[in-house]
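Working notes, structure below.
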Amino acid sequence: MDMMVLRLSRLFLVLAVGFVIVLAPLAQAWSKEGHIMTCRIAQSLLDPAASEVVHNLLPEYVDGDLSTFCTWPDEIRHRHEYRWTSPLHYINTPDDACTFDYFRDCHDQHGVENMCVAGAIQNFTSQLMHYKDGSSDRSHNMTEALLFLSHFMGDIHQPMHVGFTSDEGGNTIEVRWFRRMSNLHHVWDRDIILTSEKEIYDQNMDFFQEDIQNNFTDGAWSDELSSWIDCDDLLTCSTKWAEESINLACKWGYEGITPGDTLADEYFKSRFPIVAQRIAQGGVRLSMILNRVFGHQPCQPNHHQEILPAT
Ligand SMILES: *[C@@H]1O[C@H](CO)[C@@H](O)[C@H](O)[C@H]1NC(C)=O
Ligand SMILES: *[C@@H]1O[C@H](CO)[C@@H](O)[C@H](O)[C@H]1NC(C)=O
Ligand SMILES: *[C@@H]1O[C@H](CO)[C@@H](O)[C@H](O)[C@H]1NC(C)=O
Ligand SMILES: [Zn+2]
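Residue numbers (mature numbering (1 follows the signal peptide of the UniProt record, and there is no 0)): -29 to -1, 1 to 282.
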C-alpha cells in the first residue's frame, strides 16, 4: 500500500476509535435490552382490556408490540422539541445520603419541581388515567404518555439512575469491565446485561426473558410477586421504587468501588441477580399500572387481584 494511504487509514482508525471513546460515556440509559425486556414482561402480564388499549395506541405497523418503542424516549431526548424530557430519566440525590426524598430531590438542575423520573411516572400515569374519559378529555398525546411511562418504569428500576449528584449516577466513575473501559453507570445500564447474554444465555435475549418469567411462575420470586405490586396510590408508589433503587445503588453499585478499578467475574456474579430482579420488577409494575388504568381492574387496589393471567 502507498505510504500516504497507509498513514491516512491509520489516522482514520485513530479518529474512529477516539470518536467511539468520546461517545460511549454519553449514552446513559438502561440499555436497549433492559428496556425491551421490561416492556415484554409487562406486555405478557396485561389483561385483555389493557392489551387492547395498548394495541390501539401504538402505530399499526408494530402490530401491538410495545417493546418496539420502549427506547423511543432515549432516541428523542436530545432533539430540541423534547429537550424538556432529558431530566426525566433519572434522579440525583445528595452524595452519600443513600436516601431519596421527593421534595428534596425530584427537580431538574434549575430547581423546577417534579422534573425527575419519579415525577415523570406520576405525570404520565395521571395523563393515562384520563384515557377512559374519552377523547374530549384527552388533552395530551396518549401514545407519547404510554411510551414515556413504559420507558421510565425501566429507568427508575435501574439502581444507578437514582444515584449521587457529583458523579452523575456513576457516569464519571471510570472503571474497567473485564478488559474494556467503562464507567460505573454503564456497567449497570448495559455491561452486566450483555455479559449475561454472552455467558449465560447463549447470545439470545429471549432465553434471559424466559428465565425471568420462569422465576415468577415457579421459582425464586413466586412468593414475592404480590409484594412487588403492592401499591395503594398509583401516583405515589414511584417514590418507593426510587428509594429501592438508591438503596441498591449504595449497597451493590457504589460499595467498595474506587475509580480505576477493574470489575470482572466477582462483581458480575454478585450483581447479575440484582439486575435481573430490577428488570423483572419494572415489567411487573408497569403491567400493574396499565391494568389498573386501562383494564378492568379498579384504580384503587384490590388486594386479591391476580398477577399472572390465567393460561
Ligand atoms: C408532564 O407532561 C407534560 C407533557 O405531556 C410536560 O409538559 C410536563 O413537563 C411533564 N412533567 C413531568 C414532571 O413529567
Ligand atoms: C402522538 O405522538 C406520536 C409520537 O410523537 C406522533 O407520531 C403522533 O402523531 C401524535 N398523535 C397526535 C394525535 O398528535
Ligand atoms: C432464576 O432462578 C434461578 C434459581 O434461583 C437462578 O439461578 C437464576 O439466575 C434466576 N434467573 C434470573 C434471570 O434471575
Ligand atoms: Zn432513559
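Built from N, CA and C at the ideal position, the CB exists for glycine as well.
Query, Result
"Ligand 4 heavy atom lying under 7 Å from the CB of Pro44", "yes"
"Given Leu206 as reference, the closest of Lys103, Phe95, Ile163, His267 once Cα atoms are compared", "Phe95"
"Terminal residues of the beta strand (DSSP E) in which Glu145 lies", "145 to 148"
"Secondary structure of Phe135, DSSP reduced to three states", "strand"
"DSSP-derived helix/strand/coil call for Ile127", "helix"
"N- and C-terminal bounds of the beta strand (DSSP E) containing Asn63", "62 to 64"
"Asp162 versus Gly266, Tyr238, Asp45, Glu226, residue with shortest Cα-Cα distance", "Tyr238"
"CA nearest to the CA of Phe265, picked from Asp18, Gln129, His111, Val146", "Asp18"
"Check whether His64 and Thr56 have beta carbons under 8 Å apart", "For clarity, residue 64 is Thr in the given sequence; the question names His instead. No."
"For Glu84, the residue or residues it bridges with in DSSP", "His78"
"Buried versus exposed call for Gly105 [16 or more other C-beta atoms within 10 Å across all chains shown]", "exposed"
"Proximity test, Asp126 beta-carbon vs ligand 4 heavy atom, cut-off 7 Å", "yes"
"Collapsed DSSP secondary structure at Asn154 in the structure displayed", "strand"
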